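Which chain is which? The protein sequence lines are A and B, in order.
For the first sequence, this note's numbering gives the first residue as 1, with consecutive numbering after it.
For the second sequence, this note's numbering gives the first residue as 1001, with consecutive numbering after it.
A short write-up of the structure that comes next.
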Amino acid sequence: MVIGTGAGGSAVAWTLASSGIQVLALEAGPAYSPEHDYLLHTPHWEKQRFPYKPNSQGNYKFAQMQELEERWDMLRSWNIVSGQTNSGEHRIASGTGYHHVQGVGGSTLRFTGEAHRMHPASMQMQSQHGVAADWPLDYSELEPFYHEAETVIGVAGPTDPGARWRSNPYPLPAHHLGKASSLIQKTGAENGFTWVENSRAALSENYDVRPACNYCANCNRGCPRRDKGSADVTFMHKALATGNLELRHSCRLQKIVPAAGNRIKAISYLEPDGSERTIHCDILIMAAGAVETPRLLLASAEKLAPNGIANESGQVGRNLMETLSWNSSGIATMQLDSFKGLPSDSICWDYNHPTSIPGITGGCRFSTSMAEADLVGPINYAQRIVPGWGKHHKQAMRRSFGQVVTIGAIGESIPNHKTFVNLDPDNKDQYGMPLARIHSFLPEHELKRLKFMMKNCRKILQIAGISNLVEEYGTYDFFSSTHIFGSCRMGTDPRKSVVNRYGQSHNCKNLFITDASIFPSSGGGESPSLTIEALAIRTGRHIAQRLGYRPTTG
Amino acid sequence: MNQIRNLFSTRLSRRELLTLFLAGMLPLNLRAFAPSENPDDELVIQVFVDTLIPADDLTPSASELGVAQEIINSSKSDIAYGRLIQLGCRWLNHQSNGDFTNLQIDQRIQILQWMEHADSHALPTQFFNRLRHQTMALYYTQPVSWKGLGMQRPPQPLGYMDYHD
C-alpha cells in the first residue's frame, strides 16, 4: 500500500506494479485532468498561477519565525511598484509558504520540471564538511535508477554531464535556449560564468505517447499537453496500465495501526463520502511529502508506538531542510520575448559543489527564472514591475513587455535544531488530527549563502547589460518553499535516522518511506523530484526482490 | 495599522470619518469648484479606473472593458473591501468639493499622485494600491488590452514555437 501519489509514491507504485505486485495507492487530494483543468487556452490564464481544487493542499501552521535584523536589510524582498514586500519585523510565510499540491501527481503537477541528479560530492556532507548527514549510498549506486527515471519521463538534457557522470546519454536532446538565456549564456561566458542547457522533464521531441513541448512558458500553471513529465502522466499512467494498481484519490489517511513485533498492521482512512475504512497492509509505503509524512507518523502515536510510528529515535520531524532562494529581475534594453520558451532552460552549476562558495559550506546554482518569478504575462508586469499608471504606464507596458530577465538562485539548506516539523498542539483538522507545524530558522551561514546568491544574481544581470532592477525576492524575509526535505532522515545509525538505505524504517520492518523526507542533505540547489523518483524506484526494486518478484525495466 | 483594520470591521462614526479625512487631506487648491452632490460610488470608481488606465490610440480605457463594474461587483461580496470602496469614494469626493467625477483630468491626476505617495498605512494610499492592483488584473486579463504588447493570444493551444533565434 502506498500513501501519496507525488513523485515518490507514483514512482514506487510503478516499480511494484510493473513487477507484478498488486498495489493500492491512496491519495488525499483530487485527480487532475490536464486537458480540462489547466486553462492556458483561455483569456484568464494568467490570473491563477495553478488551479488548486478543494483539498488539493494540506493544512499546516507555522511557528513564529525569526526577527528580521537591520544588518541583513539588503536581503529584504522588494519591487519597484510596492517597495518592500514584507515591511514587518519578522520573517513570514509567503502565501501558503509551502508551495505544494496534494493530488494525483503531487507537486510535480505545478513544478517547473527540472530533472536534476545530485552532485556526487553533496552526498557526503557530514564526513567531508561536518554538516548535515551522509547519504548511506553513493552516487554510483543511485546512477542506474536515475537513468531509469529519466527514461520513463523522457528527460531532455545536454551532452556534457559535467560533475554528474552518466552511464547513458539523456533520452532526448536538450531544448534550444530562449533569447534571454542565449544572452545570459553569451555574456556569462565572457565573464567567467558557465551556462549550459538545463536538464528538463519536458519533451524536446515526441516521446512515448506524449507530444513535444510547444514552449508556452507556463509549466507552473499545469501542462495541458502532457509533455511536461509530471508524475501523473508518466509513472502513474504506466503503473495504471499494468492492471496491478488500484488508485483511490480523495481518500485521507487517518491512522497507521502498529502491531506487536515492530510491524504495521493496518491503516484507517476516510473515503470521499466521509466513511471510515480500515485496511490490512502487508507493506506500507509513505510518500506524502516531508511535512505530511512526519505528521501522519507522529499523529498515529499509541500504546505500541508512544512517540509515533517509526519514531524510536525521536528523529521524525527533525532535520527539516527548506528552499533557500533568491530572484533578481531586471528590464533589458532589447526585446527578448522572455514570456515565451521553456522555463529555466539554462543553468549555471559553477557554485554547486559544497566548497565552491568562498568561506561558506554548501553550494548553490543559478538559472533563468522568468516563469518561476511569474513574469510571463501582462498582469504581473503591470502589478509588480512596471510602475505608475495613466497613459505613460500603458506606453511603458508596451516598451517593456517581454524584456524582463530574472536570474534565480537556489542554495543548500543545512539542517539546524530550530528547523523541524511537529504536531500543532492547538490546531486540528476537521477530522480531529493535529495539524503539522513548521518551525523554520535561518542561521548566519544560510544568510551568508543567500547574500552570495543575491550578489551573483545581480552580477549576472549586470554583465548582460541589465542594470535596471525592478524586483528582488528571497527567502530571508519570506518562508517560500517548493523543495522541502529531511524530516525522516535516511541513515545507517538508528539513533540518528528514521529509515535505512532502502527507505525502510529501522524499527518497523514493513514500513518504507519514498518522499523527500528521507534526504540526509539537500544538495546545492538541485531540484529534488528526479532524485526522489530514483530513490523510490530503488526502494520498489528492493521490495520486489525481497518478495520474490523478478525485477523489470522500463 | 490597527486603526485602519478597525475601520473595515466596525461602523465609522462621523467623528472617526472626519479624523480620517483630516489626516489624509491633500494640499490641492480645488476651492474654485462649486460644491456639488456626491455621485454614486460606481461613477467615482469608473472615473478613478479611467484615470489609472485611460484609452489611447491602441486600446480602450479600463471602464470600457467593464473594470469599474467588476470592482463594484466584487466589493459587494467582501465586506472589508466594500467598506474600503465606500470610504475611498467619500474621501475622493471630499477632496473634490463634493464630486470627484467633476474634476478636470489634470486635477484627478494630482489627487492620484498624492494618494500613491502618501502614508502607506493611511486610507487614501490603501485605497489607491488596492484599486491599482485590481484594475491592472481586470484590464490585462482581456485580450483586447494586449494590443501593442507583442502577445496576441493565450499561451495555449499554439505555444510559442518562435521562442528562440
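For glycine and all other residues, C-beta sits at the position ideal for the given N, C-alpha and C.
Keep in mind that this is a model prediction, so the values were computed, not measured.
Does the pairing of the region 481 to 499 of chain A with the region 97 to 117 of chain A give three or more beta-carbon distances under 8 Å?
yes
In angstroms with no decimal places, state the Cα-to-Cα distance between residue 407 (chain A) and residue 96 (chain A).
Distance from the CA of residue 407 (chain A) to the CA of residue 96 (chain A), rounded to the nearest whole angstrom, comes to 23 Å.
For residue 1134 (chain B), which residues of its own chain have a beta-carbon under 7 Å away from its beta-carbon, when the five flanking residues on both sides are left out?
Sequence-distant Cβ neighbours of residue 1134 (chain B) in its own chain, meaning closer than 7 Å and more than five residues away, are 1071.
Paired residues, beta bridge with residue 366 (chain A) - DSSP:
A:348 and A:409
If you draw a straight line from the C-alpha of residue 1079 (chain B) to the C-alpha of residue 1131 (chain B), how long is it?
15 Å
Helix, strand or coil: how does DSSP classify residue 1017 (chain B) here?
Caution is warranted here: a pLDDT of 47 is assigned to residue 1017 (chain B), below 50, making its placement in the model unreliable, and no coordinate value can be reported.
Give the DSSP bridge partners of residue 478 (chain A), in chain order.
Residue pairing of residue 478 (chain A) in beta bridges, as defined by DSSP: A:92.
Around the Cβ of residue 74 (chain A), are there at least 16 other Cβ atoms within 10 angstroms (buried) or fewer (exposed)?
exposed
Measure from the C-beta of residue 303 (chain A) to each C-beta in chain B and report whether the shortest distance is under 7 Å.
no
Please list the partners that residue 1146 (chain B) has in chain A, where partner means a Cβ-to-Cβ separation under 7 Å.
Ordered by position in chain A, the residues that pass the 7 Å Cβ test against residue 1146 (chain B) are 378.
For chain A, is any of its Cβ atoms less than 7 Å away from the one on residue 1117 (chain B)?
Contacts with chain A at 7 Å (Cβ-Cβ) do not include residue 1117 (chain B).
Excluding sequence positions up to five away, which residues of its chain have a Cβ less than 7 Å from the Cβ of residue 1119 (chain B)?
1125
If you draw a straight line from the C-alpha of residue 414 (chain A) to the C-alpha of residue 132 (chain A), how long is it?
6 Å
Closer than 8 Å at the beta carbon, the chain A residues around residue 1059 (chain B)
Ordered by position in chain A, the residues that pass the 8 Å Cβ test against residue 1059 (chain B) are 394.
In this structure, what does DSSP give as the bridge partners for residue 124 (chain A)?
According to DSSP, which records beta bridges pairwise, residue 124 (chain A) is partnered with A:134.
Among the candidates A:120, A:196 and A:337, whose CA atom is the shortest distance from the CA of residue 1165 (chain B)?
A:337
In DSSP terms, what residue 216 (chain A) is bridged to:
A:341
Does the Cβ-Cβ distance between residue 269 (chain A) and residue 26 (chain A) come in under 7 Å?
yes
Buried versus exposed, by CB contacts within 10 Å (16 or more), residue 550 (chain A):
exposed
Strictly under 7 Å for the Cβ-Cβ distance: is residue 1066 (chain B) near chain A by that measure?
No, because no Cβ of chain A sits closer than 7 Å to the Cβ of residue 1066 (chain B).
Which listed residue (A:80, A:83 and A:106) has its alpha carbon closest to that of residue 5 (chain A):
Comparing alpha-carbon positions, the option among A:80, A:83 and A:106 lying closest to residue 5 (chain A) turns out to be A:106.
For residue 45 (chain A), would you say it is in contact with chain B, using Cβ-to-Cβ distances shorter than 7 Å as the test?
yes
Would you give the residue range spanned by the beta strand (DSSP E) that residue 277 (chain A) belongs to?
276 to 280
Can you tell me which of A:493, A:545 and A:13 puts its alpha carbon nearest to the alpha carbon of residue 232 (chain A)?
A:13
To the nearest angstrom, how far is the alpha carbon of residue 10 (chain A) from that of residue 382 (chain A)?
39 Å
What residues from the region 215 to 246 of chain A come within 7 Å of chain B, judged by C-beta to C-beta, listed N to C?
Cβ contacts with chain B: 215, 216, 217, 218 and 224.
Taking just the CA atoms, how far does residue 539 (chain A) sit from residue 385 (chain A)?
46 Å
Which residues in the same chain as residue 507 (chain A) place their Cβ atom closer than 8 Å to its Cβ, once the five residues preceding and following it in sequence are excluded?
262, 310, 312 and 494
Mind listing the chain B neighbours of residue 78 (chain A)? Cutoff is C-beta to C-beta under 7 Å, in chain order.
Per Cβ cutoff of 7 Å: no residues; residue 78 (chain A) is ~13 Å from chain B at best.
In three-state terms, what does DSSP make of residue 456 (chain A)?
In this structure, residue 456 (chain A) counts as helix in the three-state DSSP scheme.
Got a sec? Which residues, its chain only, sit under 6 Å from residue 218 (chain A) by beta carbon, not counting five neighbours each side?
These residues qualify, in order along the chain: 40.
The alpha helix (DSSP H) that contains residue 396 (chain A), what's its start and end?
Element bounds for residue 396 (chain A): 391 to 400.
In chain A, which residues lie less than 7 Å from residue 1140 (chain B) when you measure between Cβ atoms?
378, 379 and 382
Which whole-angstrom value is the C-beta distance of residue 524 (chain A) and residue 353 (chain A), which I expect to be below 8 Å?
In this structure residue 524 (chain A) is in contact with residue 353 (chain A), their Cβ atoms being roughly 7 Å apart against a cut-off of 8 Å.
Under three-state DSSP, which class holds residue 258 (chain A)?
If DSSP states are grouped into helix, strand and coil, residue 258 (chain A) belongs with the strands.
Is the beta carbon of residue 477 (chain A) sitting closer than 7 Å to the one on residue 76 (chain A)?
yes
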